[in-house]
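Colleague: Supplied in structure tokens, the structure appears directly below.
Residue numbers (the numbering used here): -11 to 456.
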């Protein structure tokens, strides 16, 4: 009877905990959406909304050939944008404006950067606004809502991931709070750009990798569960790549962690590192490629040569940005930028200095609204450093656990990849590191809370014994 009552009490606690978790995640989603209109405008939002014209071609007209790659495109700039960018965010924006009752005729043209009028009558801002290169408020709101929805889903994935790695509600709550108050996560996730989708794809592929690792170590491992877990990893990987190409870093880390996990575990129980393990991972890789290509109709006409075109276009764009805005000259500059954007920096609202004149009033209003997150600075930065260090120590103590290994690799290899590949000091390029840091710091908070609680309990026991 006592056991039954205890079981019922535990069930009620679990149910209450899940309700609280749901309310917490809902509150974070409300906070994300509350700042949609307040977020300062960026020219790339106009371009992404213009790109959502592909939704009209593919969904409304069913004209797939209209988006195929060709050597003689009807609109070369439109095709170049398809090559450079992912598909999921722009299709989500198309669905959003469709549901809002807008049509393709309501779409703006892409933003024209660096417009120069020799006569001085127009600047970039006034020219784009005058000649149809800026979305209406209703269109911008719809595009931002789609991006914010993807960001909110990434919060759920991050919460689930943290609970799997460190079974502490405090850790998961802290991780999601850190994540969603990070100013560049909030700003770029709210804007009608690709970052909301990129963050969702990255967190989902890491969650899928974690579930695959858990399937490896279940007792006993079940063949069907292993294949399903690897299939989920492949689907998540393809989805992540289709959101933004720089998600390849997260996908590579996830696959690498799943590959080496049996070696790190040294075959003690669970799935060994054998031909079956490699075959399942190869299936996941093939499925990721298939999902990515399926979500990229522009590739269908010439899939074998598209990777080279994408890499060439991406290299040309980065070289142009670095030459126009000044790239890093020393390794020290790269390291300082990485540390600053990981922990200390305030939100970077624009990359072109003249934009302070265009959106300075929007920035002031956004920061005064209380919806902009932590806004950076040394106090918050050092607290995040301490929490991340604690999380690193907590995970390093059990690094042979595949779940701990995955997070450590996520943080370390993402930082290394960004250090090597990022050519200039633009905050958006460091955004892939933020969900990894949030998980690490959240685990640090959970671990410190557990240590403090343990010390407090021991002190209470000593006091009781001392008073007897």
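Think of the CB as a built atom: it goes at the ideal place given N, C-alpha and C, for glycine as much as any other residue.
Answer yes or no: do residue 330 and residue 167 have a C-beta to C-beta separation smaller than 8 Å?
Modeller: In the chain shown, residue 330 corresponds to position 342, counting from 1. In the chain shown, residue 167 corresponds to position 179, counting from 1. No; because the gap between Cβ atoms is not below 8 Å, this pair is not in contact.
Colleague: For a minimum of 4 consecutive residues, which ranges assigned as the alpha helix (DSSP H) are wholly contained in the region 145 to 197?
Modeller: You should have 157 to 168 and 171 to 178.
Colleague: Can you list, in chain order, the residues of its chain whose CB lies under 7 Å from that of residue 6, leaving out five sequence neighbours each side?
Modeller: Here residue 6 refers to the residue found at position 18 of the chain shown. Hits under 7 Å: none found.
Colleague: If contacts are defined as beta-carbon pairs under 8 Å, then residue 131 and residue 81 qualify, I think. What distance do you get, rounded to the angstrom?
Modeller: Position 143 of the chain shown, counted from the start, is the residue given in the question as residue 131. Position 93 of the chain shown, counted from the start, is the residue given in the question as residue 81. Their Cβ separation, rounded to whole angstroms, is 4 Å, which keeps residue 131 and residue 81 in contact under 8 Å.
Colleague: If you draw a straight line from the alpha carbon of residue 51 to that of residue 348, how long is it in whole angstroms?
Modeller: Indexing the chain shown from 1 puts residue 51 at position 63. Indexing the chain shown from 1 puts residue 348 at position 360. In a straight line, the C-alpha of residue 51 is about 42 Å away from that of residue 348.
Colleague: Who are the Cβ neighbours of residue 16 in its own chain at under 8 Å, not counting the five residues just before and after it?
Modeller: The count along the chain shown starts at 1 and reaches residue 16 at position 28. Contacts found: 140, 143, 164, 165 and 168.
Colleague: Answer yes or no: do residue 159 and residue 364 have a C-beta to C-beta separation smaller than 8 Å?
Modeller: The residue given as residue 159 occupies position 171 in the chain shown. The residue given as residue 364 occupies position 376 in the chain shown. Their beta carbons are not under 8 Å apart, which means residue 159 does not touch residue 364 by this criterion.
Colleague: I'd like the list of long-range same chain contacts for residue 260, defined as Cβ closer than 6 Å, with 5 residues on each side in sequence excluded.
Modeller: Residue mapping note: residue 260 aligns to position 272 of the chain shown, counting from 1. For residue 260, where only same-chain residues beyond five positions count, the Cβ hits under 6 Å are 250.
Colleague: Taking the continuous alpha helix (DSSP H) assigned at residue 339, which residues delimit it?
Modeller: For the purposes of this step, residue 339 is taken as the residue at position 351 of the chain shown. First-last for residue 339: undefined, no H or E at that position.
Colleague: By alpha-carbon positions, which one of 9, 84, 3 and 73 ends up nearest to residue 43?
Modeller: Your numbering for residue 43 matches position 55 in the chain shown. Checking every option, the nearest Cα to that of residue 43 belongs to 84.
Colleague: Three-state secondary structure (DSSP) at residue 57?
Modeller: The residue you call residue 57 lines up with position 69 of the chain shown. Three-state result, residue 57: coil.
Colleague: Return the first residue and the last residue of the alpha helix (DSSP H) that residue 117 is part of.
Modeller: As a position in the chain shown, residue 117 is number 129, starting the count at 1. Start and end: 112 to 118.
Colleague: Assuming residue 218 and residue 268 are in contact, meaning their beta carbons sit under 8 Å apart, how far apart are those beta carbons, in whole angstroms?
Modeller: The sequence position of residue 218 within the chain shown is 230, counting from 1. The sequence position of residue 268 within the chain shown is 280, counting from 1. With 8 Å as the limit, residue 218 and residue 268 qualify as a contact, their Cβ atoms being about 4 Å apart.
Colleague: Using 8 Å as the threshold, is the C-beta distance between residue 177 and residue 187 below it?
Modeller: Translated into positions along the chain shown, residue 177 becomes position 189. Translated into positions along the chain shown, residue 187 becomes position 199. Yes, Cβ-Cβ distance for residue 177 and residue 187 is below 8 Å.
Colleague: Whole angstroms are fine: how far does the CA of residue 337 sit from the CA of residue 357?
Modeller: The residue labelled residue 357 in the question sits at position 369 within the chain shown. The residue labelled residue 337 in the question sits at position 349 within the chain shown. Roughly 15 Å between the two C-alpha positions.
Colleague: Our contact map puts residue 394 next to residue 197 with C-beta atoms below 8 Å; I'd like the distance itself, whole angstroms only.
Modeller: Numbered from its first residue, the chain shown carries residue 394 at position 406. Numbered from its first residue, the chain shown carries residue 197 at position 209. Their Cβ separation, rounded to whole angstroms, is 6 Å, which keeps residue 394 and residue 197 in contact under 8 Å.
Colleague: Taking 8 Å as the threshold, find out whether the region 359 to 375 comes into contact with the region 388 to 402 through three or more Cβ pairs.
Modeller: No, the region 359 to 375 is not in contact with the region 388 to 402.
Colleague: Along the alpha helix (DSSP H) that carries residue 78, what are the first and last residues, could you check?
Modeller: Position 90 of the chain shown, counting from 1, holds the residue named residue 78. That run of the alpha helix (DSSP H) goes 76 to 87.
Colleague: What residue from 373, 442 and 438 has the CA that sits closest to residue 428's CA?
Modeller: Taking the chain shown and counting its residues from 1, the one referred to as residue 428 is at position 440. If we check each option's Cα against that of residue 428, 373 comes out closest.
Colleague: With DSSP as the reference, label residue 392 as helix, strand or coil.
Modeller: Walking along the chain shown from the start, residue 392 turns up at place 404. Looking at residue 392 - three-state DSSP - the assignment turns out to be helix.
Colleague: Whole angstroms is fine: what's the gap from residue 482's alpha carbon to residue 275's?
Modeller: In this structure the chain extends from -11 to 456, so residue 482 is not present and cannot be described.
Colleague: So which of 378, 173 and 109 has the shortest CA-CA distance to residue 138?
Modeller: Residue numbering aside, residue 138 sits at position 150 when the chain shown is read from its first letter. The residue with the shortest Cα to Cα distance from residue 138 is 173.
Colleague: Considering only residues of the same chain and omitting the five flanking positions on each side of residue 242, which have a CB-CB separation below 6 Å?
Modeller: The sequence position of residue 242 within the chain shown is 254, counting from 1. Closer than 6 Å at the Cβ level, and outside the excluded window around residue 242, lie 193, 194 and 197.
Colleague: Given a threshold of 16 other Cβ atoms within 10 Å of its Cβ, counted over all protein chains shown, does residue 33 qualify as buried or as exposed?
Modeller: For the purposes of this step, residue 33 is identified with residue 45 of the chain shown, where counting begins at 1. With 16 or more Cβ atoms within 10 Å of its Cβ, residue 33 is classed as buried.
Colleague: Answer yes if the region 60 to 70 comes into contact with the region 100 to 108, meaning at least three C-beta pairs across the two stretches below 8 Å, and no otherwise.
Modeller: Too few Cβ pairs lie closer than 8 Å, so no.
Colleague: If you draw a straight line from the C-alpha of residue 377 to the C-alpha of residue 289, how long is it?
Modeller: Your numbering for residue 377 matches position 389 in the chain shown. Your numbering for residue 289 matches position 301 in the chain shown. Their Cα atoms are separated by approximately 48 Å.
Colleague: So for residue 217, helix, strand or coil by DSSP?
Modeller: Translated into positions along the chain shown, residue 217 becomes position 229. The answer is helix: DSSP assigns residue 217 an H, G or I state.
Colleague: Would the region 228 to 238 count as touching the region 275 to 284 if we require 3 or more Cβ pairs under 8 Å?
Modeller: Yes, the region 228 to 238 touches the region 275 to 284.
Colleague: Here's a check: name, in chain order, each residue in its chain whose Cβ is nearer than 8 Å to the Cβ of residue 273, leaving out the five neighbours to either side.
Modeller: Within the chain shown, residue 273 is the residue found at index 285, counting from 1. Same-chain partners within the cutoff: 222, 225 and 243.
Colleague: I'd like to know whether the C-beta atoms of residue 94 and residue 120 end up nearer to each other than 8 Å.
Modeller: Counting from 1 along the chain shown, the entry for residue 94 is found at position 106. Counting from 1 along the chain shown, the entry for residue 120 is found at position 132. Contact flag unset, no.
Colleague: Exposed or buried, which one is residue 344 when buried takes at least 16 other CB atoms within 10 Å?
Modeller: Taking the first residue of the chain shown as 1, we reach residue 344 at position 356. Residue 344 comes out exposed.
Colleague: Need the endpoints of the alpha helix (DSSP H) that residue 28 sits in, please.
Modeller: As a working note, residue 28 is residue 40 in the chain shown. Taken as a continuous stretch (DSSP letters only), residue 28 belongs to no alpha helix (DSSP H), as it is neither H nor E.
Colleague: Considering only the alpha carbon of each residue, which of 387, 326 and 41 lies closest to residue 253?
Modeller: Here residue 253 refers to the residue found at position 265 when the chain shown is read from its first residue. Of 387, 326 and 41, the residue nearest in Cα terms is 387.
Colleague: Is the beta carbon of residue 392 less than 8 Å from the beta carbon of residue 153?
Modeller: Here residue 392 is taken as the residue at index 404 of the chain shown, counted from 1. Here residue 153 is taken as the residue at index 165 of the chain shown, counted from 1. Contact flag set, yes.
Colleague: Here's a check: name, in chain order, each residue in its chain whose Cβ is nearer than 7 Å to the Cβ of residue 236, leaving out the five neighbours to either side.
Modeller: Within the chain shown, residue 236 is the residue found at index 248, counting from 1. 229, listed in sequence order.
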